[in-house]
Amino acid sequence: MRDNELRGLILEALYNQRRKDLVNLDQELGALPVPHGATESILRHLVKKGLLERPIQPLSGLGNGRITAYGIDVVQGTTSPPFSILLHQCNTVEGVREGNIQNVSDTKLNVPMDHSEAIQEKPKSSFERISKWWKYMMEKFGWA
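In numbering that gives the first Met the number 0, the protein residues as written are 0 to 143.
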């Protein structure tokens, strides 16, 4: 399993407990198919980026924690995450359970295009996307 999938599993498990103050991370994450060493590493990364809070880190175990408002927004898809996260959300719509898989990443640039640009092939590298965005901004604001 890749890191973005592991991050998604952990974030969604804590999202399901979002109405609780602090949860025992060993209990909440213990049943997940994530190696313990990876769990600790991913938790630290999620805390560093502001998606989770862990007020006290014990000497043994994972301690207690909770998802932040930013983490909730990322899981709900209302804001972009600081790195790639693969979410497997299950939503209930009128009694029917639907699965929804999202790969959320902050690497996409939303550049408005006119019809002549829409016909052209999309840039493949990040550098090409940024260059195209910069050119668009220069033309839009008359800097070119």
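Each residue gets a CB set at the ideal place from its N, CA and C atoms; glycine is no exception.
Secondary structure at R65: strand, using DSSP grouped into helix, strand and coil.
For S40, the enclosing alpha helix (DSSP H) covers residues H35 to K47. In the three-state scheme derived from DSSP, where H, G and I count as helix and E and B as strand, I55 is classed as coil. Residue state for N23 is assigned as strand, using DSSP reduced to three classes.
DSSP places L5 within a helical segment (H, G or I) once states are collapsed to three. Across the structure, L10 and G70 are spaced so that their CA atoms are roughly 7 Å apart.
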